[in-house]
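For the sequence shown, full-length UniProt numbering gives the first residue as 1, with consecutive numbering after it.
Backbone N, C-alpha and C fix where the C-beta goes; we use that ideal spot for every residue, glycine too.
Just so we're clear, the structure is a prediction, and the values are computed from it rather than from any experiment.
Okay, structure first, notes after.
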Amino acid sequence: MVPAALDAARSAGGFPGRWKAIAAKLERLPSCLSDLSSHPCFARNALCRELLQSVASTVAEAAELAARCREPPASGKLQTQSAVDAVAGKLELNLRDCALLVKTGVLSDAAAGRPDVRELLARLQIGPTDAKDRAVDGLLEAMEKDERSVLSVLGRASVSAMVQLLTSSSSARVREKAAAVVCRVAESEVPDLEALLVSEGVLPPLVRLAESGGLVGREKAAVALHRLSSTSARAVVGHGGAGPLVEICRTGGHSHSAVAQSAAAGALTNLSAVPELRHALAHEGIVRVMVGLLLDCGSNSSSKEHAAECLRNLTSDDDALRRAVVSEGGLRGLLLYIDDDDGGPSEAAVSALRNLVGAVSPDTLVSLGVIQRLAHVLTAGSTGAQQQAAAAICAISRSTRMKRAVGEHGCVPLLARMLEAKSGGAREAAAQALASLATCAHNAREMKKDDKCVPGLVQLLDPSPANTANKYAILCLLALASDNRCKKLMIAHGAIGYLKKLSDMNVAGAAKLLDRLDRGSLRTIFSTTSK
């Protein structure tokens, strides 16, 4: 068929440049088909048969059109030109599909009797839209049965084909199915595949789908962006992803699924972890939306946790953002979440609370019941949450009034118990809080009465490099050293030995505390000798 069509194309009249290009494409067909047909499984492969049928149809159409164009068209010139361009496009597609079929390795898989995953991936790149639609269905089914096998054969060409389906002008249904495949690939947490998705340009179409897709499409886009934003946060913002994600969070309970809302909140949390992106996110309205998630009783626990993490990131080192969160009701939202979290007080929420306490007045802290919540966390929270609560107590103990209020809410014995925690960070936070509280006489009396306080502080005098809490332990013990009972407890638990080493290391306050204990030790010796 090709030689006849080639002769007809060369003798066709009108549009000489276009017919010359068609002739060049026809000349390339035999070698491409020869490469394909040289494989031993050529005759048994369905894709090969389909491609041959398509090539035959295109060649026949080219020959027929060329025969009708032996003379330049007298009328209907634009219509003829359009037909010629269409034939050229079909020929180019046939050549491309033929080359892709050779490259995909699907023929070798057929020879080995392997599953048809590679054939499905090849079909994503070959043929009309309806065939690609069926291929996506088959691929999703294959991933349900054995996702690992599908992921193991994904390559750049198949990933690129999935991205092209996301950007195609085909039906919304096809784009949503392609988004479902992309979502599964992104969630697989295979670093190479994540990088491949991003490098093949998946972010812009995902952002567009999150912005204007249907319910399913937005959900899949949000889930994929949640995963990809953990490694490509700047690129997501650069492609305009922040706005659509904020909007999904804002209208989650009304226009989107709980899954989409939670995924969007998680993606925004990933974005907020990058300091230079925070003010751009604030401009998109992220503060009000995240506070809204905490205050909305309809938000699920996953969305609320992401919101708490996001607020923690936003307020970690920026006073302007701290004030913005407080003005939007963030403090109240965090307190409500700490109260309502069934799994125990959230570490992220307590950490965000710690960031905010310095941005409000003592009266506000008292009226909102912040100290009571912190005492609750010290009682029922995880080690991480307790550490954050201790840091928050240290932050609010700026005045004698607040220090006394903390002590009156029973925090001193709770902090003393934290001195025995397995986590070094928790022990240090507790020691720092106790050192701050010890300057209040009421709290100092509480520490002197507590059996665990002095022994726990002495253990923190350990001079090993890994222990960074000894400076706080010294400050606290200095405040208690005027009491003879506490002084005897310090000596009995080995404080003098620790302090001699710390004094040699020039740790602040070590020599002063050692001097006090040494004098107390000598008096004890003389008193015993005289008796």
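Margin query: Going by DSSP, what residue range makes up the alpha helix (DSSP H) through residue 536?
Written below: With the chain covering only 1 through 531, there is no way to say anything about residue 536.
Next item on the list: Give me the Cα-Cα distance between G214 and A273, rounded to the nearest whole angstrom.
Entry: G214 and A273 have their C-alpha atoms some 29 Å from each other.
Next item on the list: Would you kindly check if the distance between the Cβ of E141 and the Cβ of S188 is under 8 Å?
Entry: For S188 and E141, no; Cβs fall outside 8 Å.
Next item on the list: With S149 as the anchor, note down where its alpha helix (DSSP H) starts and where it stops.
Entry: 129-152
Note to self: Which residue wins for smallest C-alpha separation from G241, given the options R250, C183, R208, L293?
What the structure shows: Nearest option by C-alpha distance: R208.
Check: Does DSSP put N355 in a helix, a strand or coil?
Finding: In the structure shown, N355 adopts helical secondary structure according to DSSP, grouped into three states.
Notebook entry, point to check: Can you tell which of P465, D483, P455 has its C-alpha closest to the C-alpha of A473?
Noted result: P455
Check: So, using beta-carbon positions, are R156 and E200 closer together than 8 Å?
Finding: In this structure, R156 places its C-beta atom within 8 Å of the C-beta atom of E200.
Note to self: Which runs of the alpha helix (DSSP H) at least 4 residues long sit entirely within the stretch 362-423? Give them in chain order.
What the structure shows: With a minimum length of 4 residues, the continuous alpha helix (DSSP H) runs that stay inside the stretch 362-423 are 362-368, 370-380, 383-396, 400-408, 411-418.
Checklist line | Distance between L293 and A463 (C-alpha atoms, nearest Å) | finding: For the sequence presented, residue 463 should be read as Pro rather than Ala. Whole-angstrom Cα-Cα distance: 46 Å.
Next item on the list: Please report the residue range of the alpha helix (DSSP H) in which T58 lies.
Entry: 46-68
Note to self: One question on the structure: do residue 574 and R184 come within less than 8 Å of each other, judged by their Cβ atoms?
What the structure shows: Because residue 574 is not part of the residues shown, which for the chain are 1 to 531, the question remains open.
Check: Are the beta-carbon atoms belonging to V198 and L245 less than 8 Å from one another?
Finding: no
Next item on the list: Count the CB pairs spanning the stretch 129-140 and the stretch 92-99 that are closer than 8 Å, and state whether there are at least three.
Entry: Verdict: no, contact absent.
Next item on the list: Give the straight-line distance between the Cα atoms of V84 and T269, rounded to the nearest whole angstrom.
Entry: 53 Å
Check: Cα-Cα, which of R28, C98, A429 is closest to Q387?
Finding: Closest by alpha carbon: A429.
Next item on the list: Since I believe A66 is in contact with A5 (beta carbons under 8 Å), could you give me their beta-carbon distance rounded to a whole number of angstroms?
Entry: 7 Å
Note to self: So, with DSSP's three-state summary, where would you put I126?
What the structure shows: coil
Next item on the list: Quick one: grab the DSSP three-state call for K25.
Entry: helix
Note to self: Going by C-alpha to C-alpha distance, which of L437, A349, H493 sits closest to H306?
What the structure shows: A349
Next item on the list: Take C297 and list the residues in its own chain whose beta-carbon comes closer than 6 Å to its own, dropping the five residues that flank it on each side.
Entry: none
Notebook entry, point to check: By how many angstroms is the C-alpha of K452 removed from the C-alpha of R417?
Noted result: 7 Å
Next item on the list: With DSSP collapsed to three states, give me the class of residue 569.
Entry: Limits of the chain in this structure are 1 at one end and 531 at the other, which puts residue 569 out of reach.
Checklist line | Range covered by the alpha helix (DSSP H) that runs through S212 | finding: Taken as a continuous stretch (DSSP letters only), the alpha helix (DSSP H) holding S212 covers 203-212.
Next item on the list: Measure the C-alpha to C-alpha separation of S230 and L499 and round it to an integer number of angstroms.
Entry: 46 Å
Note to self: Using only the alpha-carbon positions, how far apart do D450 and G410 sit?
What the structure shows: 12 Å
Note to self: Measuring only the C-alpha atoms, how far is R250 from S257?
What the structure shows: 12 Å
Notebook entry, point to check: Who are the Cβ neighbours of V117 in its own chain at under 6 Å, not counting the five residues just before and after it?
Noted result: A142, V150, V153
Checklist line | Rounded straight-line distance, which links the Cα of A389 to that of E446 | finding: Between the alpha carbons of E446 and A389 lies a gap of roughly 19 Å.
Margin query: Looking at the secondary structure, which residues open and close the alpha helix (DSSP H) in which M447 lies?
Written below: 441-449
Next item on the list: Could you work out which residue in P30, S54, V202 is closest to S168 when comparing CA atoms only?
Entry: Each of P30, S54, V202 was checked against the Cα of S168, and the nearest Cα belongs to V202.
Notebook entry, point to check: Roughly how many angstroms lie between the CA atoms of residue 534 and S423, to the nearest whole one?
Noted result: With the chain running from 1 to 531 in the structure shown, residue 534 is simply not present.
Next item on the list: Counting only the same chain and skipping the five closest in sequence on each side, list residues whose C-beta sits under 6 Å from that of G13.
Entry: C69, R70, E71, P72
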